[in-house]
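J.:
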Amino acid sequence: MLLILLSYLGGALTILSPCILPVLPFVFARTGQPFVRSGLPLLAGMALTFALVATLAAVGGGWVVQANQYGRWVALVLMAFFGLTLLLPHLADRLTKPLVALGDKLSNKAADGERSGASASFLLGVATGLLWAPCAGPVLGLVLTGAALNGASVGTTLLLLAYAAGAATSLALALLVGGKVFSAMKRSLGAGEWIRRGLGVAMLAGVGAIATGLDTGILTQVSTVATAGVEQKLIDTLAPRNEAPAGGAMMSRTAMTGTGTGTGAGPAMMARRAMAPAAETLPVEGKLPSLNGAVEWLNTAPLSAEQLKGKVVLVDFWTYSCINCLRSLPYTKAWAEKYRDQGLVVIGVHAPEFAFERNVGNVRKAVKEQGINFPVAIDNDYAIWRAFNNQYWPAHYFIDAKGQIRHHHFGEGDYAQSEQVIQQLLEEAGRKNVTNTVVSAEAAQGIQQQSDMGQVGSPETYLGYDRAENFASPEKQAANAARQYTAPARPALNQWGLAGNWLSQAEQVTLNQGTGSIVYRFHARDLHLVLGPTKDGKPVRFRVTIDGVAPGNNHGTDVQADGSGVINSQRLYQLVRQSGDVADRTFSIEFLDPGVQAYAFTFG
16 MLLILLSYLG
26 GALTILSPCI
36 LPVLPFVFAR
46 TGQPFVRSGL
56 PLLAGMALTF
66 ALVATLAAVG
76 GGWVVQANQY
86 GRWVALVLMA
96 FFGLTLLLPH
106 LADRLTKPLV
116 ALGDKLSNKA
126 ADGERSGASA
136 SFLLGVATGL
146 LWAPCAGPVL
156 GLVLTGAALN
166 GASVGTTLLL
176 LAYAAGAATS
186 LALALLVGGK
196 VFSAMKRSLG
206 AGEWIRRGLG
216 VAMLAGVGAI
226 ATGLDTGILT
236 QVSTVATAGV
246 EQKLIDTLAP
256 RNEAPAGGAM
266 MSRTAMTGTG
276 TGTGAGPAMM
286 ARRAMAPAAE
296 TLPVEGKLPS
306 LNGAVEWLNT
316 APLSAEQLKG
326 KVVLVDFWTY
336 SCINCLRSLP
346 YTKAWAEKYR
356 DQGLVVIGVH
366 APEFAFERNV
376 GNVRKAVKEQ
386 GINFPVAIDN
396 DYAIWRAFNN
406 QYWPAHYFID
416 AKGQIRHHHF
426 GEGDYAQSEQ
436 VIQQLLEEAG
446 RKNVTNTVVS
456 AEAAQGIQQQ
466 SDMGQVGSPE
476 TYLGYDRAEN
486 FASPEKQAAN
496 AARQYTAPAR
506 PALNQWGLAG
516 NWLSQAEQVT
526 LNQGTGSIVY
536 RFHARDLHLV
546 LGPTKDGKPV
556 RFRVTIDGVA
566 PGNNHGTDVQ
576 ADGSGVINSQ
586 RLYQLVRQSG
596 DVADRTFSIE
606 FLDPGVQAYA
616 FTFG
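The numbering used here applies: residue 16 is where the sequence shown begins, and numbers increase by one.
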């Protein structure tokens, strides 16, 4: 009940957000008509459609999102037509001439307040619900991410209905007040015709705003009411977050669902630590759960737990922009190659952290570039993740030939011990002449080279407002709004800041216009930054400096010695690799083109 109340209050706050503006003309088009037979059905249709589409989008995969895009365009056409009928009644008569009889009948019934009037209003609400894209503040972000993590359920739909009902309540109040104002204007000025035409213009403007993306672009940047802060206070008061275990990094995505504490777009926690060594006699930790639920398989036909009986299996949970996953990848690939002929099957389960990692094309490209030849399950709906009750990237689960989980390891490190587990399970399965040597990936280069952990004095740092820490620009980071920022003049160790006009969102910051930069005072051999080009895929040029000068021999694999580079895909970029003594340094990256998306710093 507490979570439903929180969702309802979060929805009610959307009336204060500029993202509600594009749908207001459609709502106010019903002013002057009986609220119960006109306004209420419209709001009900809008709320129900939003809840349905949001539920499907959260749990149904990419095809639902694409289908909804088609639905939005159909709704836009219907809304544009409705706006034209208000603005140009004579044009509407000519366009609807084949159906004029039916139109007259419906119009008469609507004017008389009969049942079909309520039905027409409900259908208008359904169309409006397809167009409505409210700003994803903390409350809605938690609800949607919880739905993605935990799958479809009655609870998910109830939370989304509560959110939509809250928004409908605030819109209903606005409609009631607006109706009284409009009635007064009609009585005093006789301006009914001009009001009707004004509503038509407003509806067409709303259609234009939605069609061009202004409803989620410019309108989110002109907000004068910071509802995100109010929502976050509600979350902290009614559903306080748990603390992360030692050595883990909190995602802050699932406080609404009770599966952890944690957006965005992702699972509950990430491990950056090793577990205690396994005992010599490996215990049985459970059965290999179902591998159903992957939206796609790469490098293989779909695999099942039954098919894998008789094989020793290593299940590796990873995501392609996770530096810890990339550094463990040389070992995973080596094991797959070394023990394939003796019965080992390595399965990579790609569970996305950021929204762009849900794009199967991005994952397929990363698999090819990283030389991954073993099977990869695309776990966009976290079905396999939940089946294992997993919470970490990277996570390795070792399964014997009987289908029993016998060992697990979270995070980087302990590679020799993990390989010895593989050898023991192969011997138990009756394999002969299993080697007792272990592989070494010391020769790995670039991003996959093992970190110098003794020199790492900077933590993983997220830039989106949902998990941002140590932000040091003089201006406070604004949620879902564009703001001009000034870089901190003398950032302390592990402080960072922005310069230029940036839009801060839950899991990323986007350079809104012109040029801009990010600065970070760090201590580590390597500095990485997860970046993406513009939303339409245009490359973004950048220039890196370390302590104010070009990196020279300290440049990363994605940067030239003069500090120049280009962002052409959504991935992790290695920007600094110090060749000499590691010390506190001030890193700066200047973006020469707008539209770049920046997600998180990692170090090694």
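All residues carry an ideal CB built from backbone N, CA and C; glycine is no exception.
1. So, helix, strand or coil for Val-524, using DSSP?
2. What do you get for Gly-386, buried or exposed, if any count of 16 or more other CB atoms within 10 angstroms of its CB means buried?
3. Around the Cβ of Thr-617, are there at least 16 other Cβ atoms within 10 angstroms (buried) or fewer (exposed)?
4. So the beta strand (DSSP E) Val-591 belongs to, where does it begin and stop?
5. Determine, using beta-carbon pairs with one atom in the stretch 355–368 and one in the stretch 395–408, whether at least three such pairs fall under 8 Å.
6. So, do the stretch 469–477 and the stretch 528–545 have three or more beta carbon pairs nearer to each other than 8 Å?
7. Would you list, in sequence order, the uninterrupted alpha helix (DSSP H) runs of no fewer than 4 residues that lie entirely inside the stretch 500–586?
8. Please identify the residue among Cys-337, Tyr-430, Asn-485 whose C-alpha is closest to the C-alpha of Gln-585.
9. Tell me the DSSP secondary structure of Ser-488 in three-state form.
10. DSSP three-state call for Trp-408: helix, strand or coil?
11. Quick check on Gly-563: buried or exposed, where buried means 16 or more other Cβ atoms within 10 Å of its Cβ?
12. Taking Gln-589 as the reference, which of Pro-566, Ala-598, Pro-609 has the closest Cα?
13. Ends of the beta strand (DSSP E) at Ser-603?
14. Could you tell me whether the stretch 384–398 touches the stretch 350–363, where touching means 3 or more Cβ pairs closer than 8 Å?
15. List the whole-angstrom C-beta distance separating Val-330 from Tyr-412, where the pair is believed to meet the contact cut-off of C-beta under 8 Å.
16. Work out the CA separation of His-424 and Ser-532 for me, nearest whole Å.
17. Let me know the alpha helix (DSSP H) ranges lying completely inside the stretch 320–370, each 4 residues or longer, listed in chain order.
18. State the DSSP-derived secondary structure class of Leu-313, mapped to helix, strand or coil.
19. Name the one or two DSSP bridge partners that Ala-615 has.
20. Among Phe-557, Leu-306, Leu-341, which residue has its Cα nearest to the Cα of Ser-466?
21. Can you name, in chain order, every residue of its own chain whose Cβ lies under 7 Å from the Cβ of Ala-431, other than the five neighbours on each side?
22. Which residue wins for smallest C-alpha separation from Ala-497, given the options Leu-526, Glu-522, Ala-349?
23. Taking its Cβ as the centre, do 16 or more other Cβ atoms sit within 10 Å of Ala-398, making it buried, or is it exposed?
24. For Val-391, report the span of its beta strand (DSSP E) as first-last.
25. Rounded to a whole number of angstroms, what is the C-alpha to C-alpha distance between Asn-569 and Val-591?
26. Where does Ile-437 fall in DSSP's three states?
27. Per DSSP, Lys-302 is paired with what?
28. Just the C-alpha distance for Pro-626 and Ala-456, rounded to the nearest angstrom, thanks.
29. Answer with buried or exposed for Arg-505, where buried requires no fewer than 16 other C-beta atoms within 10 angstroms of its C-beta.
30. Give the DSSP-derived three-state secondary structure of Arg-482 in the structure shown.
31. DSSP beta-bridge partners for Arg-414?
32. Leaving out five residues before and five after Asn-509 in sequence, what residues of the same chain have Cβ atoms less than 6 Å from its Cβ?
33. Can you tell me whether Asp-356 is buried or exposed, with buried defined as 16 or more other CB within 10 angstroms of its CB?
34. Compare the beta carbon distance of Phe-606 and Val-559 with 7 Å and say whether it is the shorter of the two.
35. By how many angstroms is the C-alpha of Pro-609 removed from the C-alpha of Gln-499?
36. Residues in its own chain within less than 7 Å of Ser-305 by CB, not counting five upstream and five downstream?
T.: So, to answer that:
1. Residue state, collapsed to three classes: strand.
2. exposed
3. buried
4. 586–592
5. yes
6. Enough Cβ pairs lie closer than 8 Å, so yes.
7. none
8. Cys-337
9. coil
10. Coil at Trp-408, not helix or strand.
11. exposed
12. Pro-566
13. Where Ser-603 is concerned, the enclosing beta strand (DSSP E) starts and stops at 600–606.
14. yes
15. About 4 Å separates the two Cβ atoms, so the contact holds.
16. 38 Å
17. 338–354
18. strand
19. DSSP, once it has assigned bridges, lists Tyr-477, Val-545 as partnering Ala-615.
20. Leu-341
21. Val-453
22. Leu-526
23. buried
24. 391–393
25. 6 Å
26. helix
27. Gln-419
28. Nothing in the structure corresponds to residue 626, since the chain is present only between 16 and 619.
29. exposed
30. coil
31. Going by the sequence as given, residue 414 is Ile instead of Arg. DSSP, once it has assigned bridges, lists Val-328, Ile-420 as partnering Ile-414.
32. Ser-473, Asn-485
33. exposed
34. no
35. 14 Å
36. Taking C-beta separations shorter than 7 Å and ignoring five residues to either side along the sequence, the partners of Ser-305 in its chain run Ala-320, Ala-402, following chain order.
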